[in-house]
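Protein chains in written order, with this note's numbering: chain E, 105 to 341; chain H, 2 to 289.
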Amino acid sequence: MKPLLKVEDISSFIGPFHILQGVSLEVYPGEVVVILGRNGAGKTTTLRSIIGQVPPARGQITLDGVSLLNMPTHMAVRAGIGYVPEDYGVFDLLTVEENLKLAMRQSDKATLTRRDEVLDIFPDLGIAYKRLAMTLSGGQRQMLSISRALVNDNKIILIDEPSKGLAPIIVERIQNVLMTLKKKTTIVLVEQNFALACAVGDRYYIINEGRTVLSGTVDDLIDDTALQQTHLGLVLT
Amino acid sequence: MHIFVMLLVNGLAEGALIFLMAAGLSIILGLVGVVNFAHGTLFIWGGYMSIWVFRLTASFPLALLAALATGVIMGIVFERLFVKPVYGKVTSQILITLGLMIIFTDMVRLLWGPNPIPMVRPPWLDGTWVFGQVIIARYRVFLIAVGLFVAVGINYLINKTRIGMVMRAGIQSPEMVQALGINIKLYFAAVFAGGAGLAALGGALYAPLVGSVWSGMGIDNQILAFIVVILGGMGSFYGSAVGSILIGLTSAFTAWFFPPLTAYSTLLIMVVILSLKPEGLFGLAVRK
Ligand SMILES: Nc1ncnc2c1ncn2[C@@H]1O[C@H](COP(=O)(O)OP(=O)(O)O)[C@@H](O)[C@H]1O
Ligand SMILES: [Mg+2]
């Protein structure tokens, strides 16, 4: 099987700073790949490089065989990527409805059906449909942000730390949603919440100081406490 | 009492003119992040082009349309050739737009000469209405109507259309708009061109009010428009509308009751408002 998303040894700069110095990963259709690593390791920058927000200076990125390199962000995304950023990226001055509408790349029947499905998954959003997004709670923003990625017929969804800053009960809901999504789509998940990452992920990559240093199956990682401690700074409680 | 009504009309008419400049300036600043110092030159070009077309066709609506079109075309050219390469670089933007202001203002002198060119009001807008002691110039009422029409139009655009959604979203985060698959640069260009068109329309409407056009008329009005943008809250369309009315009324009333203060009254208002509300009247809480 060919990888759906292939990132080959990319180097990315932010201003003068050489942030990514060799990140590689492969994501196969239908799997959930988790990206792990300490704060500041380069996980967010990796996702931003994939969609061209931080265009890589070297390396190669392909989605379904098509190179995303040198594509402006809006084109890269239209190739079939849903992006759920770290801080939700929800538009405060737009209603929930408008946030979804803006995200919809088409207004055909299939898209409208997907939107209705999303509202079934997140009834909160239906209730707040006509309200400005600035009135939403953190958890609801996260749901709206994920919903925006789901209304399109995306090949892959990139999600950056969906549990960050949210109450445990909300994190649990997000985890359930991710488990459901897992059955339908391919996901790249950046996550610091180890339990969530392990519950949802199939394979993992660890990024350290801008480089992918390790990869493997999540099952192996769960058993390898030594590795968890050295690379993730996890202390077992 | 009659003085009050006449000053009200004068102030609102002046506010409407300032609004045509300020609305574009503010939206361009808020969405595109560009302080457009070339806005005043579009005002001048609008004035000159309208006179040129008015003399050719004797039609005031055509003259206004020509001004609007001139502004839009110049806006597109400015944006594509000069402003687009310096998005995100504030110093370069200031230098480039100031440069455009100087060059295109000089070009007006080159084409039409250094002396003011007279402009008359079209007959159907000339004259006054007299209600007892209250005398109201028709042209000023026309200006208020145009300002209102444009304000309602922009309000509709912002709240009911896709361009409006992109504008409201882009003010918060252009990057995220792009990450949804939208080519926000196209919207930047459209907004820039629209704002330029309104500024040129403002110039065309200004000429018959004061009776002439001259190459210096851009800078005075640009300064007023900047004051409106700052006191209304950068990027806020409502702020630019309310701010324009406020500035228009302030100048009209001080010019009547306390002429020596006229030149400073608008600055004074700005200082007072900013000291009470540093982000301006409708300053947005969200920032990039
Ligand atoms: N806009 C920026 N300017 C300068 N440095 C940045 C910027 N964004 C991120 N960085 C740096 O890049 C590194 C990786 O950041 P990031 O990808 O956000 O890490 P992670 O998501 O793994 O926590 C960090 O050292 C961070 O300080
Ligand atoms: Mg991050």
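In this text, a Cβ means the ideal position worked out from N, Cα and C, and glycines have one as well.
CB of E/Ile118 to nearest heavy atom of ligand 1: below 7 Å?
The sequence position of residue 118 of chain E within the first sequence is 14, counting from 1. Flag set: Cβ of E/Ile118 near ligand 1.
Is any heavy atom of ligand 4 found at a distance shorter than 7 Å from the C-beta of E/Ala301?
With respect to small molecules bound, the structure shown includes ligand 1 and ligand 2 and not ligand 4.
E/Thr289 and E/Asn258 - do their beta-carbons sit closer together than 8 Å?
Stepping through the first sequence from its first residue, residue 258 of chain E is reached at position 154. Stepping through the first sequence from its first residue, residue 289 of chain E is reached at position 185. With respect to the 8 Å criterion, E/Asn258 and E/Thr289 are classified as neighbours on the basis of their beta carbons.
Compare the C-beta of H/Ala170 against all C-beta atoms of chain E and say whether one is closer than 8 Å.
The residue you call residue 170 of chain H lines up with position 169 of the second sequence. For H/Ala170, the answer is yes, since a Cβ of chain E falls inside 8 Å of its Cβ.
Identify whether E/Lys287 lies in helix, strand or coil by the three-state DSSP scheme.
Taking the first sequence and counting its residues from 1, the one referred to as residue 287 of chain E is at position 183. Coil, per DSSP.
Could you tell me if E/Asp264 is buried or exposed, where buried requires 16 or more neighbouring beta carbons within 10 angstroms of its beta carbon?
Sequence index remark: in the first sequence, residue 264 of chain E carries index 160 (1-based). It is buried - the Cβ of E/Asp264 has at least 16 other Cβ atoms within 10 Å.
Backbone CA spacing between H/Val131 and H/Ser252 [nearest angstrom]:
For this step, residue 131 of chain H is matched to residue 130 along the second sequence. For this step, residue 252 of chain H is matched to residue 251 along the second sequence. Taken atom to atom, the span from the alpha-carbon of H/Val131 to that of H/Ser252 is near 23 Å.
For H/Lys278, does the count of other Cβ atoms within 10 angstroms reach 16, so buried, or fall short, so exposed?
Looking up residue 278 of chain H in the second sequence gives position 277. The residue in question, H/Lys278, is exposed, as its Cβ has fewer than 16 Cβ neighbours within 10 Å.
Check E/Tyr309 in the structure and name its three-state DSSP category.
The residue given as residue 309 of chain E occupies position 205 in the first sequence. Three-state DSSP puts E/Tyr309 in a strand.
Are the beta-carbon atoms of H/Ala152 and H/Gly25 separated by less than 8 Å?
To locate residue 152 of chain H, count along the second sequence from 1; it is residue 151. To locate residue 25 of chain H, count along the second sequence from 1; it is residue 24. In this structure, H/Gly25 does not lie closer than 8 Å to H/Ala152 by Cβ.
Would the beta-carbon of E/Thr316 be found less than 7 Å away from any heavy atom of ligand 2?
Within the first sequence, numbered from 1, the residue matching residue 316 of chain E stands at position 212. It does not: the Cβ of E/Thr316 is nowhere closer than 7 Å to a heavy atom of ligand 2.
Hey, is E/Pro189's beta-carbon within less than 8 Å of any beta-carbon in chain H?
Taking the first residue of the first sequence as 1, we reach residue 189 of chain E at position 85. At a cut-off of 8 Å between beta carbons, E/Pro189 contacts chain H.
Own chain partners of E/Val294 with C-beta closer than 6 Å, once the 5 adjacent residues on each side are dropped
Position 190 of the first sequence holds residue 294 of chain E. Cβ neighbours of E/Val294 beyond the five flanking positions: Ile139, Lys147, Asp264 and Glu265.
8 Å Cβ cutoff, E/Phe195 in contact with chain H
Numbered from 1 along the first sequence, position 91 holds the residue referred to as residue 195 of chain E. Closer than 8 Å: yes.
Which bits of chain H does E/Leu206 rub up against, with CB to CB less than 9 Å?
Here residue 206 of chain E refers to the residue found at position 102 when the first sequence is read from its first residue. The contacting residues are Arg163, Met166, Val167, Ala170, Val178, Leu181 and Ile183.
Put H/Leu18 into one of helix, strand or coil per three-state DSSP.
As a position in the second sequence, residue 18 of chain H is number 17, starting the count at 1. DSSP, reduced to helix, strand and coil, places H/Leu18 within a helical segment of the structure shown.
Look at the Cβ atom of H/Leu112, then the Cβ atom of H/Gly76, and state whether they are nearer than 8 Å.
Mapped onto the second sequence, residue 112 of chain H falls at position 111. Mapped onto the second sequence, residue 76 of chain H falls at position 75. No, these two residues do not count as a Cβ contact at 8 Å.
Measure the Cβ-Cβ separation of E/Ser128 and E/His122 and say whether it is below 8 Å.
One-based indexing of the first sequence puts residue 128 of chain E at position 24. One-based indexing of the first sequence puts residue 122 of chain E at position 18. No, Cβ-Cβ distance for E/Ser128 and E/His122 is not below 8 Å.
Expressed to the nearest angstrom, what Euclidean distance is found between the alpha-carbon atoms of E/Ala214 and H/Ile103?
In the first sequence, the residue the question calls residue 214 of chain E occupies position 110. In the second sequence, the residue the question calls residue 103 of chain H occupies position 102. Going from the Cα of E/Ala214 to the Cα of H/Ile103 covers about 53 Å.
Proximal residues of chain H, C-beta to C-beta of E/Glu202 below 7 Å
Taking the first residue of the first sequence as 1, we reach residue 202 of chain E at position 98. Met166, listed in chain order.
Counting only runs that start and end within the stretch 224–289 of chain E, where is the alpha helix (DSSP H) found for 4 or more residues in a row?
227–231, 242–254 and 272–286
Any idea what DSSP makes of H/Ser237, helix, strand or coil?
On the second sequence, residue 237 of chain H is found 236 positions in, with the first residue counted as 1. If DSSP states are grouped into helix, strand and coil, H/Ser237 belongs with coil.
Mind listing which residues of the stretch 139–159 of chain E have their C-beta closer than 7 Å to chain H's C-betas, in chain order?
Ile155 and Gln157
Taking the alpha-carbon positions, what's the E/His335 to E/Val188 distance?
Here residue 335 of chain E refers to the residue found at position 231 when the first sequence is read from its first residue. Here residue 188 of chain E refers to the residue found at position 84 when the first sequence is read from its first residue. Roughly 25 Å separates the two Cα atoms.
For ligand 2, enumerate in chain order all residues having a CB closer than 7 Å to any of its heavy atoms.
E/Lys147, E/Thr148, E/Glu190, E/Asp264, E/Glu265 and E/Val294
Give me the Cβ distance between H/Ser27 and H/Phe238, rounded to the nearest whole Å; I'm assuming they're in contact under 8 Å.
The sequence position of residue 27 of chain H within the second sequence is 26, counting from 1. The sequence position of residue 238 of chain H within the second sequence is 237, counting from 1. Going by Cβ atoms, the distance from H/Ser27 to H/Phe238 rounds to 7 Å, so yes, they are a contact pair.
Report the option in E/Arg152, E/Ala303, E/Ile118 and E/Asp324 whose CA atom is closest to the CA atom of E/Ile185.
Taking the first residue of the first sequence as position 1, residue 185 of chain E is located at position 81. The residue with the shortest Cα to Cα distance from E/Ile185 is E/Arg152.
Would you say E/Val181 lies against chain H (beta-carbon separation less than 8 Å)?
For this step, residue 181 of chain E is matched to residue 77 along the first sequence. Cβ-Cβ to chain H under 8 Å: yes for E/Val181.
So the candidates are E/Val281, E/Leu318, E/Thr150 and E/Thr316; which of them puts its Cα closest to the Cα of E/Phe226?
Taking the first residue of the first sequence as 1, we reach residue 226 of chain E at position 122. Out of E/Val281, E/Leu318, E/Thr150 and E/Thr316, E/Val281 has the C-alpha closest to the C-alpha of E/Phe226.
Looking at H/Gly12: is its Cβ nearer than 8 Å to the Cβ of H/Gly204?
On the second sequence, residue 12 of chain H is found 11 positions in, with the first residue counted as 1. On the second sequence, residue 204 of chain H is found 203 positions in, with the first residue counted as 1. Taking 8 Å as the Cβ cut-off, H/Gly12 and H/Gly204 do not qualify as a contacting pair.
If we count the other Cβ atoms within 10 Å of its Cβ and call it buried at 16 or more, is H/Ile145 buried or exposed?
Residue mapping note: residue 145 of chain H aligns to position 144 of the second sequence, counting from 1. A residue is called buried when at least 16 other Cβ atoms come within 10 angstroms of its Cβ; H/Ile145 meets this threshold and is buried.
Do the CB positions of H/Gly148 and H/Ala17 come within less than 8 Å of each other?
For the purposes of this step, residue 148 of chain H is taken as the residue at position 147 of the second sequence. For the purposes of this step, residue 17 of chain H is taken as the residue at position 16 of the second sequence. H/Gly148 places its beta carbon less than 8 Å from that of H/Ala17.
With DSSP as the reference, please indicate the residues paired to E/Ser319 in a beta bridge.
To locate residue 319 of chain E, count along the first sequence from 1; it is residue 215. Per DSSP, E/Tyr309.
So, does the stretch 165–174 of chain E touch the stretch 233–248 of chain E, judging by three or more C-beta pairs under 8 Å?
no
Decide yes or no for the touch test of the stretch 47–63 of chain H against the stretch 256–272 of chain H: beta carbon pairs closer than 8 Å, at least 3 of them.
no
Please confirm if the stretch 192–205 of chain E is in contact with the stretch 166–179 of chain H, defined as three or more CB-CB distances below 8 Å between the two stretches.
Short answer: they touch.
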